[in-house]
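Position in the sequence shown counted from 1, then plus 602, gives you our numbering.
Just so it is clear, CB atoms sit at the ideal spot from N, CA and C, and this is done for glycine as well.
In what follows, a structure is listed as structure tokens, so that the remarks can point back to it.
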Amino acid sequence: MAPAAGVTRRVDAACPLRPGQPCTLCHPEAKLGPQDCPTVAIVMDDPDLRAEVARLRAELAAQAS
Ligand code: SF4
């Protein structure tokens with residue numbers, strides 16, 4: 603069942619595409635979290651996009667240390 607208007611869905615997982623941010627189930631077809639998120643699947647299937655996500659993660663880790 604879809605959440606009421608204005609209610610943000612959220613799972614206990616981080617979004618792989620937005621380092622440091624939680625998964626908010628922003629994609630309507632993501633029901634469980636990153637594991638069934640079509641956007642994550644597309645990004646992780648593309649070597650260039652996957653490398654960019656890795657770069658962003660490394661950047662965030664460097665800022666945190
Ligand atoms: S639904 Fe996908 S893109 Fe949206 S926050 Fe979750 S993992 Fe990230």
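Can you list, in chain order, the residues of its chain with a C-beta nearer than 6 Å to that of residue i? Leave out the 5 residues immediately preceding and following it.
i, result
"residue 635", "613, 615 and 625"
Would you tell me roughly how many angstroms separate the C-alpha atoms of residue i and residue j, rounded to the nearest one?
i, j, result
"residue 667", "residue 641", "29 Å"
"residue 665", "residue 617", "18 Å"
"residue 631", "residue 648", "20 Å"
"residue 627", "residue 658", "20 Å"
"residue 653", "residue 660", "10 Å"
Quick one: is residue i buried, meaning 16 or more other Cβ sit within 10 Å of its Cβ, or exposed?
i, result
"residue 619", "buried"
"residue 651", "exposed"
Spatial neighbours of residue i within its chain, please: C-beta separation below 7 Å, excluding the five flanking residues on both sides.
i, result
"residue 655", "618, 619 and 645"
"residue 639", "629 and 632"
Indicate the three-state DSSP secondary structure (helix, strand or coil) for residue i in the structure shown.
i, result
"residue 616", "strand"
"residue 624", "strand"
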